[in-house]
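Here our numbering is used: the first residue of the sequence shown is 463, the next is one more, and so on.
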Amino acid sequence: MTNLYSAETHVFKINPDAPDLQVIALAAQILLRQGLVAFPTETVYGLGANALDEVSVGKIFEVKRRPFYDPLIVHIAERSQIEDVAVEIPDIAFQLAEKFWPGPLTLVLKRHERIAHNVSAGLGTVAVRMPDHPVPLALIKAAGVPVAAPSANLFSRPSPTSAQHVVDDLGGHVDIILDGGSCLIGLESTVLDLTSHTPAILRPGGTPAEALKAILPQLVIQSSPTDAQESGAKPSPGMMLKHYSPKARFLLFTGAGEEADSNFRKIIAGLLSRGCHIGLLATEEDASVYHDLNIEIEILGRETDLEEIGQNLFAKMRLLDKNKVDLILMRSLQSEGLGLAIGDRLFKAAEQQVMDLEAHSAADLLRTITDQIQCS
Ligand code: TXA
Ligand code: MG
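Listed below in structure tokens is the structure:
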């Protein structure tokens, strides 16, 4: 079988609907021999290792350059496997698994002692999910062990939604990449903590909060460290870190109406006059408004189609980076449904700095930006 991309990493095309069992068997063997396998899921590509083996799991942290204190998600192939991974599982976890698995929902539970302790960064809890994708399901079954897998990107880079993104970040450092095409959801799973006094969303994701609230009316959304402190819930270990960032500086703008639109144009004009190479992530509707400007526009999807926008978000960020823009600009979107997860990723990519086009003048905002960024 041929190696398409790099000297050490083997990339295998695999049919996402009917995975080739020979390739799956090979990948499973690699996992059982302490190797790393990158695979597609319905959310983003994962970088998998045997969750029962500390040495294998250690390699994930090393390859991703991920801080050891940020714990990993364990993937299982059947609902009943939850009992191999967690203990003292509350009834609500089984109800949620019944309704949302396989799918983009991760449950934080009490850790089973057989799970390698570095999976959980030394915590007494473990995050578990059953992905809705035939490739990881077949792989986990063939390996016969639960599989720890974070997103298969370098630490702090946007999550990979295609095999090429994995090659770009980790090529040469993982044993094999299963290329099953683009990910359907494009945003990571929702992480739900069931070990706190009150169930809490630690990371909004592919399963909308509204769907969970229907079953868990007392659910809290703990999307920032400050909220976490105020609600008394414990923050997700990875929550305070810089995340999902493109290489270019990412600027997020809020505010609507004529004044905001006019300020946004003035800011772009100001940045262009300073020689900035500007990328804009835009909805289809916005793209047509800004097409006259000398900037690179990537269309995420229709304003009302958050699924399409979510699916494209990380890929388009990476594309603008490849085109070497100095800055990526984006205006915020609605926050219902998947909008909560999208907003969370944008906020983190912007390093938690949001520019309000209604509250400030274009001149003030431009000064704030140019104080921080010089374009070459
Ligand atoms: O969709 C996804 O969740 C993807 C695919 C590959 O399954 N995985 C993923 O993993 O996004 P990762 O490692 O990039 O993000 C895992 C998140 C982090 O925010 C981490 O802090 C949180 O889950 N997490 C993991 N274990 C935890 C635990 N025991 N307690 C609290 N948070 C935990
Ligand atoms: Mg990640």
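Note that the Cβ used here is the ideal one computed from N, Cα and C, for glycine as well.
Just so you know, these numbers come straight off a predicted model, no measurement behind them.
{"Query": "Express the C-alpha separation of L781 and A511 in angstroms, rounding to a whole number.", "Result": "28 Å"}
{"Query": "Could you tell me if M463 is buried or exposed, where buried requires 16 or more neighbouring beta carbons within 10 angstroms of its beta carbon?", "Result": "With a pLDDT of only 39 at M463, under 50, the local geometry of the prediction cannot be trusted, and the value read off the model is given with reservation. Burial call: exposed."}
{"Query": "Consult DSSP for G508 and reduce its assignment to one of helix, strand or coil.", "Result": "strand"}
{"Query": "Exposed or buried, which one is F523 when buried takes at least 16 other CB atoms within 10 Å?", "Result": "buried"}
{"Query": "When every heavy atom of ligand 1 is checked, does at least one fall within less than 7 Å of the C-beta of T587?", "Result": "yes"}
{"Query": "Roughly how many angstroms lie between the CA atoms of N477 and L674, to the nearest whole one?", "Result": "32 Å"}
{"Query": "Any heavy atom of ligand 2 closer than 7 Å to the beta-carbon of E650?", "Result": "yes"}
{"Query": "Measure from the alpha carbon of R665 to the alpha carbon of each residue in L678, I677, V682, then state which is nearest.", "Result": "V682"}
{"Query": "Whose beta carbon lies closer than 6 Å to any heavy atom of ligand 2, going through the chain in order?", "Result": "P612, S613, S621"}
{"Query": "When you measure from the CB of S823 to every non-hydrogen atom of ligand 1, does any distance come out below 7 Å?", "Result": "no"}
{"Query": "Please classify Y531 as buried or exposed, where buried requires at least 16 other C-beta atoms within 10 Å of its C-beta.", "Result": "exposed"}
{"Query": "Please report the distance separating the alpha-carbon of S797 from that of T766.", "Result": "11 Å"}
{"Query": "With a cut-off of 8 Å on the beta carbons, I'd call A431 and L514 a contact; round off their distance for me.", "Result": "Nothing can be reported for residue 431: it is not among the residues displayed for the chain, which extend from 463 to 838."}
{"Query": "With a threshold of 16 other CB atoms inside 10 Å of the CB of G805, please say whether the residue is buried or exposed.", "Result": "buried"}
{"Query": "Cα separation between I790 and H574?", "Result": "43 Å"}
{"Query": "Among P596, G648, Q557, L585, which residue has its Cα nearest to the Cα of G772?", "Result": "G648"}
{"Query": "Starting from E805, follow the alpha helix (DSSP H) in both directions and report where the run begins and ends.", "Result": "Sequence check: residue 805 is Gly here, not Glu. Segment 801–811, the alpha helix (DSSP H) holding G805."}
{"Query": "Please confirm whether any heavy atom of ligand 1 lies closer than 7 Å to the CB of I551.", "Result": "no"}
{"Query": "Quick one, which of H635, E504, E770 has its alpha-carbon nearest R527's?", "Result": "H635"}
{"Query": "Helix, strand or coil for R665? Go by DSSP, reduced to three states.", "Result": "strand"}
{"Query": "Can you give the Cα-Cα distance for F712 and V607, rounded to whole angstroms?", "Result": "39 Å"}
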